[in-house]
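Take a look at the structure set out below.
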Amino acid sequence: MNRVRLLVLNAALGPLDYRLPEGVSAPAGSVVIAPLGPRKVTGIVWDEGRLPGDEIAFERLRPILEVLPVPPLPAPLRRLIEWTADYYCAPLASVARMALSSGGALGGPATLTEYRLTGAEGSGRLTAQRKTALEKLAGQQGTMRELAALAGVSEGVLRGMAGARLLEPVVVNVDRPYPPADPDHHQPDLSPDQQAVAAIFTDAVKTRAFAPFLLDGVTGSGKTETYFEPVAEAIRLGRQVLVLLPEIALTENFLSRFTARFGAAPVLWHSSLKSTERRRAWRAIADGSAQVVVGARSALFLPYANLGLIVVDEAHEISFKQDDGVRYNARDVSVMRARFEGVPVILASATPALESLHMADIGVYTKLDLPARFGGASLPTVRLVNLTEEKPGSQRWLAGPLVEGLRDRLAKGEQSLLFLNRRGYAPLTLCRNCGHRFKCPSCSAWLVEHRLSARLACHHCGFETRVPEVCPECGESDCLVACGPGVERIAAEVADLFPEARVAVATSDTLNTPERAAEFIAMAEGRAIDIIIGTQLVTKGFHFPELTLVGVVDADLGLEGGDLRAGERTFSQIAQVAGRAGRGAKPGEVLIQTRHPDAPVIAALAGGDRDAFYAAETAGRRDAGAPPFGRWAAIILSSEDEKEAREAAVRLGDVRPRLADVQILGPAPAPLALLRGRYRYRFLVNAKRSANIQAVLRDWIGAVNFAPGVRVGVDIDPYSFV
902 MNRVRLLVLN
912 AALGPLDYRL
922 PEGVSAPAGS
932 VVIAPLGPRK
942 VTGIVWDEGR
952 LPGDEIAFER
962 LRPILEVLPV
972 PPLPAPLRRL
982 IEWTADYYCA
992 PLASVARMAL
1002 SSGGALGGPA
1012 TLTEYRLTGA
1022 EGSGRLTAQR
1032 KTALEKLAGQ
1042 QGTMRELAAL
1052 AGVSEGVLRG
1062 MAGARLLEPV
1072 VVNVDRPYPP
1082 ADPDHHQPDL
1092 SPDQQAVAAI
1102 FTDAVKTRAF
1112 APFLLDGVTG
1122 SGKTETYFEP
1132 VAEAIRLGRQ
1142 VLVLLPEIAL
1152 TENFLSRFTA
1162 RFGAAPVLWH
1172 SSLKSTERRR
1182 AWRAIADGSA
1192 QVVVGARSAL
1202 FLPYANLGLI
1212 VVDEAHEISF
1222 KQDDGVRYNA
1232 RDVSVMRARF
1242 EGVPVILASA
1252 TPALESLHMA
1262 DIGVYTKLDL
1272 PARFGGASLP
1282 TVRLVNLTEE
1292 KPGSQRWLAG
1302 PLVEGLRDRL
1312 AKGEQSLLFL
1322 NRRGYAPLTL
1332 CRNCGHRFKC
1342 PSCSAWLVEH
1352 RLSARLACHH
1362 CGFETRVPEV
1372 CPECGESDCL
1382 VACGPGVERI
1392 AAEVADLFPE
1402 ARVAVATSDT
1412 LNTPERAAEF
1422 IAMAEGRAID
1432 IIIGTQLVTK
1442 GFHFPELTLV
1452 GVVDADLGLE
1462 GGDLRAGERT
1472 FSQIAQVAGR
1482 AGRGAKPGEV
1492 LIQTRHPDAP
1502 VIAALAGGDR
1512 DAFYAAETAG
1522 RRDAGAPPFG
1532 RWAAIILSSE
1542 DEKEAREAAV
1552 RLGDVRPRLA
1562 DVQILGPAPA
1572 PLALLRGRYR
1582 YRFLVNAKRS
1592 ANIQAVLRDW
1602 IGAVNFAPGV
1612 RVGVDIDPYS
1622 FV
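For the sequence shown, position 232 matches number 1133 in my numbering, and the numbering has no gaps at all.
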């Protein structure tokens, strides 16, 4: 039969039927171009009978125009797309679009003209812009647009430099192969515990069957070196490996360790890649020549030709949960991809998610432990600093014991780390004269002052504005007051206390590219930094042997939100950042500043009793019917018109299902009632494990016709409750 049904990459269209021209073959998974009215659309040939829709008479079908020269999406990936769309109540087309996330990769082989400096100095005087370009483009090669962005000049300046022979063109093969990784390049010296765990992983790779593992190892136990062994085995067997990391900033640290082990860098996939790099990576992944792919959560949906192993590092991280678009959790979807592919998957963490521990307890995951630090290093000692007794001075945030700890490490030439999970200088700025508070015009959130960039910024929508010289409400000057601390304010306090100290602020604002992250790591490892001040970005993955003191500035901050996972998230963050201390030969110390030393989370951290904390947290979740013992879902209705959003929420609430195993709370204004200019109302759904919550939600929402301006978002297993 020459009839095909396409999954078109437009959620509003639904599946469409076409016919194949005579002599054209397009098996399931083929990516094609098809006509739609006067337009052309991209679609994927889907398996017969798996997409809904009535069959149209064959003579009415239009022919597809072209089968694109890329391998068909493999059947396991198509099943994963279907499962993800069904589980997360997302349009099938939206999920499929993630698999085709490099439009340039869908064409045939191609070359590209890039440019680099010739080394010539040119004749005559150089303009200031050309001098700047010569300084910033040393060792760089790229397209005119890419080089212009790097140099901070216009493309016209660079074209003029090419005419003056300061830049020369270089024709490159866009799809050139990557340097091969050598599984035997360097054989590490593993501890007996590491060897035992690595052997189990390696056997699973050889067996090539679905096998989910939870690798539970204390910070500094060498989890990465342990899972590198099954990675090496997969390479020997000619299979591909996917390693997921939660943050781009962790990539550079991982790259150096990977290159030292395998003699070549892995293939990268993240949002900072240039379009040509994404094309090259996508095509190498699809044809099987990319051996090991290291990437952010979106790498999970790439079309691997011969996947043999999946590793999710720092698997507890909430960064693996997508908060917009298709709201999936990459940790959970990675397990499903491994199941469809029939390969092992390793979830590695020093503080596993409670859901992962539960899956291990009931025997779904195999739990393997690394209980000791590698090389005989000891875990740091932990001490609480009670801020109700050890009060910092006025407009100070570091108590006496922490200040003395910093002074002691500076005297010894050792490094310290201060952790506060709040970006910027201060979370709120107000006028001391009239009380005016600076608020985002598009969100119900305060603007955060960033003194390093002299801006007020919204961390929800990205709005920025200059810090005004006078209050916009009353017109008074010199009246603006910063309230509360962010990492920049802690850095200012440290600079005032220790003016000779070399300080680095490490946040997503300062380490927002792989290059900046690499520079930070090199400086820290080279002892060019005395005190690191950072957010959650520094809680994981980094290994600085001379770092012996970790100070948690405000351990209570994460407990203030009151959401389901607040306790677990706080425990994980502080335990992870504590694990940065004493990873080398020198012992480490952790000082935790808190106003609630008796809180269960804080007490568990002080006593090092993780099991007791998890047991109490598990009991509380079970009593509340919360995950993993029950199911949560959130429904957000939003509109640019507040009345329209409210009326839509009321209408949906009026037809809510009445079921014994499903409880529906709301509607109510969302905690962030205004976000990016849209008013938001929320329902929370709590269901027993026996309920088919996805079917309930689809039937319920499908029963209401909403106004065109209303958006309905569904979040299964939500992590954010705002």
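Glycine included, each C-beta is placed from N, C-alpha and C at the ideal position.
Checklist entry - Whose CA, out of LEU952, GLU923, THR985 and ALA1534, lies closest to the CA of GLU967? => result The shortest Cα separation from GLU967 among LEU952, GLU923, THR985 and ALA1534 belongs to GLU923.
Checklist entry - Which residues in the same chain as ARG1581 place their Cβ atom closer than 8 Å to its Cβ, once the five residues preceding and following it in sequence are excluded? => result If the five residues before and after ARG1581 are omitted, its C-beta is found closer than 8 Å to the C-beta atoms of ILE1537, LEU1538, SER1539, ALA1546, PRO1570, ALA1571, LEU1573, ALA1574 and LEU1575, all from its own chain and listed in chain order.
Checklist entry - Going by C-alpha distance, which of ILE1594, VAL1556, PHE1202 and HIS1087 is nearest VAL1563? => result Selected option, being the one with the closest Cα: ILE1594.
Item to check | Contact set for ASP1034: own chain, Cβ-Cβ below 6 Å, skip 5 residues either direction | outcome: It is Ala, not Asp, that sits at residue 1034 in the sequence shown. Cβ within range, chain order: ALA1052 and VAL1054.
Next on the checklist: Taking 7 Å as the limit between beta carbons, can you name the residues of its chain near LEU1381, skipping five residues before and five after?
Outcome noted: Contacts found: THR1330, CYS1332 and CYS1372.
Item to check | Endpoints, beta strand (DSSP E) assigned at HIS884 | outcome: Residue 884 cannot be examined here, being either before or after the span of the chain that is shown, 902 to 1623.
Checklist entry - Which residues does DSSP pair with VAL1283 in a beta bridge? => result Answer is VAL1491, bridged to VAL1283.
Next on the checklist: Considering only DSSP beta bridges, list what GLY944 is partnered with.
Outcome noted: In the DSSP assignment, the residues bridged to GLY944 are VAL909 and VAL933.
Checklist entry - So ASP1117 is in the beta strand (DSSP E); what residue range does that whole segment cover? => result ASP1117 -> beta strand (DSSP E) spans 1112–1118.
Checklist entry - Is PRO939 buried or exposed, if buried means 16 or more other CB atoms sit within 10 Å of its CB? => result Per the 10 Å Cβ criterion, exposed.
Checklist entry - Are there 16 or more other CB atoms within 10 angstroms of the CB of THR1414, so buried, or fewer, so exposed? => result By the neighbour-count definition (other C-beta atoms within 10 Å, threshold 16), THR1414 is an exposed residue.
Checklist entry - Helix or strand or just coil, what does DSSP make of HIS1351? => result When secondary structure is reduced to three states using DSSP, HIS1351 falls in the strand class.
Checklist entry - Can you find a C-beta in chain B that's less than 8 Å from the C-beta of LEU1208? => result Of the chains in the structure shown, none is chain B; there is only one protein chain.
Next on the checklist: Using CA atoms only, rank isn't needed, just tell me which of LYS1340, LEU1353, LEU1553 and ARG1356 is closest to GLU1374.
Outcome noted: Checking every option, the nearest Cα to that of GLU1374 belongs to LYS1340.
Checklist entry - What is the rounded straight-line gap between the Cα of ASP1555 and the Cα of ARG1599? => result Straight-line Cα distance between these residues: approximately 16 Å.
Next on the checklist: Alpha carbons only, please: which of ALA1456, SER1220, GLY1363 and ILE1432 is nearest the one belonging to ARG1284?
Outcome noted: In terms of CA proximity to ARG1284, ALA1456 leads the group ALA1456, SER1220, GLY1363 and ILE1432.
Checklist entry - Between which two residues does the beta strand (DSSP E) carrying ARG1532 extend? => result Start and end: 1531–1540.
Checklist entry - Do you know how far the Cα of LEU917 is from the Cα of THR1411? => result Each residue's Cα considered, the two are about 46 Å apart.
Checklist entry - Quick one: what's VAL1404 bridged to in DSSP? => result In the DSSP output, where bridge partners are listed per residue, VAL1404 has ILE1432.
Item to check | Reduced DSSP category for PHE1339 - H, G, I as helix; E, B as strand; rest coil | outcome: In the structure shown, PHE1339 sits in coil (DSSP, three-state: anything other than H, G, I, E or B).
Item to check | For LEU1270, the first and last residue of its enclosing beta strand (DSSP E) | outcome: Here residue 1270 turns out to be Asp, not Leu, going by the sequence shown. Looking at the DSSP string, the run of the beta strand (DSSP E) that includes ASP1270 is 1267–1271.
Next on the checklist: Could you tell me the alpha carbon to alpha carbon distance between PHE1275 and GLY1121, rounded to whole angstroms?
Outcome noted: Going by the C-alpha atoms only, they are around 6 Å apart.
Next on the checklist: Here's the rule I'm using: 16 or more other beta-carbon atoms within 10 Å means buried, otherwise exposed. How should VAL1071 be labelled?
Outcome noted: Residue environment analysis places VAL1071 among the exposed positions, since fewer than 16 neighbouring C-beta atoms fall within 10 angstroms of its C-beta.
Checklist entry - In chain order, which continuous runs of the beta strand (DSSP E) of length 3 or greater are located wholly inside the segment 1010–1056? => result If we require 3 residues or more, the beta strand (DSSP E) runs fully inside the segment 1010–1056 come out as 1012–1018.
Checklist entry - So what does DSSP say about LYS1313, is it helix, strand or coil? => result Helix.
Item to check | Distance, ALA935 Cα to LYS941 Cα | outcome: The alpha-carbon atoms of LYS941 and ALA935 are separated by roughly 6 Å.
Checklist entry - Secondary structure at LYS1544, three-state DSSP: helix, strand or coil? => result DSSP places LYS1544 in helix when its eight states are reduced to three.
Checklist entry - What are the partner residues of ILE1565, as DSSP defines its beta bridges? => result Paired residues: VAL1586.
Checklist entry - In three-state terms, what does DSSP make of PRO928? => result Here PRO928 sits in coil by DSSP.
Checklist entry - Taking the alpha-carbon positions, what's the ALA986 to PRO992 distance? => result When rounded, the distance between both Cα atoms is 6 Å.
Checklist entry - Does the segment 1523–1532 touch the segment 1482–1490, meaning 3 or more C-beta pairs lie closer than 8 Å? => result Between the segment 1482–1490 and the segment 1523–1532 there are fewer than three inter-stretch CB-CB distances shorter than 8 Å, so the stretches are not counted as touching.
Checklist entry - Buried or exposed: where does LYS1124 fall if 16 or more other Cβ atoms within 10 Å of its Cβ makes it buried? => result So LYS1124 counts as buried.
Checklist entry - In angstroms, rounded to a whole number, what distance separates the CA positions of LEU1203 and TYR988? => result Taking the straight line joining both Cα atoms gives about 19 Å.
Checklist entry - Along the chain, where does the beta strand (DSSP E) that runs through ILE1247 open and close? => result Per DSSP, ILE1247 belongs to the beta strand (DSSP E) from 1245–1250.
Checklist entry - Whose C-alpha, out of GLU1153, GLY1468, VAL1132 and GLU1541, is nearest the C-alpha of ARG1522? => result Put simply, of GLU1153, GLY1468, VAL1132 and GLU1541 the residue whose alpha carbon is nearest the alpha carbon of ARG1522 is GLY1468.
Checklist entry - If we ignore side chains and look at the alpha-carbon of each, how far apart do VAL1368 and SER1354 end up? => result Rounded to whole angstroms, VAL1368 to SER1354 spans 10 Å at the Cα level.
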